[in-house]
Amino acid sequence: MLPVVFVHGIRLSGACWQQQKRLARGRIATPDLPGHGTRRGERFTLDGAVDAVADAIDEVGGRAVLVGHSLGGYVSIATAARHPERVVSLVGAGCSLVPSPILRGGFRFASRGLAAAADDGAWLLRRVLPAEVAEPTIAAGIASEVIPDVLAAGMDPLADLARYPGRVLLLNGRHDHFRLGERRFLAACQDGALQIVPGAGHYLPLTHGEICARAAALVSG
């Protein structure tokens, strides 16, 4: 099986991929993006995030399948557009929406509340994620303070998808608000497919690890 690089969502870290580590049948990498996990305290930029993913691809041999969730999905799309010769195929989970100004404003408001909370919103992760995922993720740190930098990063996922010639699977939970633009995202792909998972929400890759692992295997075949 081709190597797989799993790219985490906003506020989380590479520690969230516990199920994927357990299910892996080949080489994988789970890098921390700038401002997250072991890199908490750094400023998040899209260039820095793409470099982090490209470095992880190099660590597993120079070519890999990318599986990105939420912010990690947008970063994976940007990486694929900039380095198509290194990205064999791509799974983008929970990243099929171009955030509107209203949604961005809501995130800014929420980030202030999360950053001020004593536990950085760890209660929410414990509520929605399996313990095997939630506890290592919380222990690695929840970077609520990175949200303003992420919102200012200037991503253009539709243009990036249009530039990438490889295979793309958009993987969305039925109840995920980040799937509202999935038809536009699918239309932007040169070689795209869409899979909707009934009963799942935004944290699909972390609550349904087996489905995420099968998706990675599907696009690598």
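Residues in the sequence shown are numbered consecutively from 84, following my numbering.
Ideal Cβ placement from N, Cα and C applies to all residues, glycine included.
Opposite residue 273 in the DSSP bridges: which residues? DSSP output for residue 273 lists no bridge partner at all.
At what residue ranges does the stretch 104-178 contain a whole run of the alpha helix (DSSP H), taking only runs of 4 or more? 129-142 and 154-165
Host beta strand (DSSP E) of residue 87 (start-end): 87-90
In the DSSP assignment, find the beta strand (DSSP E) that holds residue 256 and state where it starts and stops. 250-256
Using a 10 Å radius around the Cβ and a threshold of 16 neighbouring Cβ atoms, would you call residue 100 buried or exposed? buried
Suppose you measure from the CA of residue 280 to the CA of residue 255; what does that come to, to the nearest Å? 6 Å
Residue 102 - partner residues in DSSP beta bridges: DSSP lists no partner for residue 102.
Out of curiosity, what's the CA-to-CA distance linking residue 233 and residue 131? 11 Å
Thinking just about the alpha-carbon of each residue, which of 258, 154 and 289 is nearest to the one in residue 215? 289
Tell me whether residue 258 is buried or exposed, calling it buried when 16 or more other Cβ atoms sit within 10 Å of its Cβ. exposed
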